[in-house]
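**Student:** In mature numbering (1 follows the signal peptide of the UniProt record, and there is no 0), the protein residues as written are -26 to -1, 1 to 339.
1. Using only CA atoms, which one of 313, 142, 171 and 292 lies nearest to residue 302?
2. DSSP three-state label for residue 211, please.
3. Which residues in the same chain as residue 4 place their Cβ atom closer than 6 Å to its Cβ, once the five residues preceding and following it in sequence are excluded?
4. From residue 242 to residue 324, what distance separates their C-alpha atoms?
5. Evaluate contact between the stretch 250 to 261 and the stretch 225 to 239, counting only Cβ atoms and requiring at least three cross-stretch pairs below 8 Å.
6. Does the separation of the CB atoms of residue 64 and residue 41 fall below 8 Å?
7. Looking at the structure shown, is residue 45 part of a helix, part of a strand, or coil, going by DSSP?
8. Is the beta carbon of residue 57 less than 8 Å from the beta carbon of residue 141?
9. Answer with buried or exposed for residue 183, where buried requires no fewer than 16 other C-beta atoms within 10 angstroms of its C-beta.
10. Name, in chain order, the residues that DSSP records as bridge partners for residue 246.
11. Just to confirm before moving on: does the CB-CB distance between residue 332 and residue 225 stay below 8 Å?
12. Per the DSSP calculation, residue 61 is bridged to which residue(s)?
13. Go ahead and label residue 8 buried or exposed: buried means 16 or more other beta carbons lie within 10 angstroms of its beta carbon, across all protein chains shown.
14. Give every residue of the same chain whose Cβ lies closer than 6 Å to the Cβ of residue 335, excluding the five residues on either side of it in the sequence, and list them in chain order.
15. What does the alpha-carbon distance come out to for the pair residue 137 and residue 54?
16. Take every Cβ of the stretch 95 to 114, pair it with every Cβ of the stretch 167 to 174, and state whether three or more of those distances are shorter than 8 Å.
17. Which residues share a DSSP beta bridge with residue 105?
18. Should residue 151 go down as buried or exposed, given a rule of 16 or more other Cβ atoms within 10 Å for buried?
19. Between residue 211 and residue 329, what straight-line distance do the alpha-carbon atoms span, to the nearest angstrom?
20. Quick check: does the Cβ of residue 279 come within less than 7 Å of any heavy atom belonging to the ligand MG?
21. Measure the alpha-carbon distance for residue 17 versus residue 32 and round it to whole angstroms.
22. So the beta strand (DSSP E) residue 120 belongs to, where does it begin and stop?
23. For residue 206 and residue 194, which I take to be in contact (beta-carbon distance under 8 Å), what is that distance rounded to the nearest angstrom?
24. Once DSSP output is grouped into helix, strand and coil, what is the label at residue 317?
25. Near residue 120, what residues of its chain come up, given a Cβ to Cβ distance below 7 Å and the 5 sequence neighbours on each side ignored?
26. Looking at C-beta atoms only, is the number of pairs between the stretch 45 to 53 and the stretch 19 to 33 that lie closer than 8 Å three or more?
27. Does DSSP put residue 236 in a helix, in a strand, or in coil?
28. Quick one: complete beta strand (DSSP E) runs, 3+ long, within the stretch 177 to 208?
29. Among 101, 239 and 223, whose alpha-carbon lies nearest the alpha-carbon of residue 289?
30. Mapping DSSP to helix, strand and coil, what is residue 159?
31. Inspect the beta-carbon positions of residue 78 and residue 123 and report whether they are closer than 8 Å.
32. Alpha carbon to alpha carbon, what distance is there between residue 291 and residue 321?
33. Measure the C-alpha to C-alpha separation of residue 159 and residue 39 and round it to an integer number of angstroms.
34. Compute the distance between the beta-carbons of residue 80 and residue 191, then report whether it is under 8 Å.
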């Protein structure tokens, strides 16, 4: 019996290779299997052996529907950035029943409360969909849909499921979006399972079905015991840059004074545009600055500097150093005049807790 069972399961695995991994043989004897117990009684009368008496008992193995849905290892929140699309969380469905089953898979949003990994649910992802990832390559096998039907998941097999969602551009650093996934067991022909209750009398020659799933509660999801449904949760955590932009000016010469220069016609003004990324913010990249030179001033050629240092970004900031760039629209990180009368420049990446600046000069008309 054992060798025959192993052969049958191996054959099913080949035919459903796109749906499951190697079986672990934990489900037990296949439902519908007949178990026969024969007994023989030998006895004598007056020292003479009599005809052997025998009896047998036969019953069929009932169906035990039990399975698990869980976040796939390695577990942890999925870090995302505002505006990203098609971000995935990954789950694994394992059929530990003693029969082949179908499943309906449905994703949903958490509404407030504690998310899977301890954060507080604060926003919803958009375009929440689900798909099968049978080969576990983190890519949907076919287009994701609002719900998913998994057909013929054999006993002791598992398969990977992806939940896919888009992150709103309005999401802010540190916000968490919790999602839930449910799996409901069906017969292998896609019909609903009718389960026996504790009041159902077990028939020796009939296959009864019982749900054996246990109740679940807490951050991992909530489901009742013995309802043929399991749930699991996961979450997205936003890692966004938290940028502040400051623009200050100082008079560096007025053509007359030796100190405390005044903003008189002919004076040179040095502008500093600083960009600061708050501690804990994600690294900001591709930072471009465009600044129209103010009316009643004239840009001073060759004075653009990028990636300047900033002390105490804000209204009282001090800016210095930086890399001098040309005014031409060329390969370096700055230019003047495109668009007209506009200073432009790009800064290097700014990590959380850091700042950088673009500096240029103009003369008061």
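No residue lacks a Cβ here, since even glycine has one placed at the ideal position from N, Cα and C.
**Tutor:** Reading off the structure:
1. 313
2. strand
3. 72
4. 29 Å
5. no
6. no
7. strand
8. yes
9. buried
10. 222 and 333
11. no
12. 139
13. exposed
14. 242, 244, 274 and 277
15. 14 Å
16. no
17. 136
18. buried
19. 24 Å
20. In the structure on display, the ligand MG does not appear, and there are no ligands present to speak of.
21. 24 Å
22. Careful: residue 120 lies outside any beta strand (DSSP E) and carries neither H nor E.
23. 6 Å
24. strand
25. 103
26. no
27. coil
28. 183 to 185
29. 223
30. strand
31. yes
32. 18 Å
33. 8 Å
34. no
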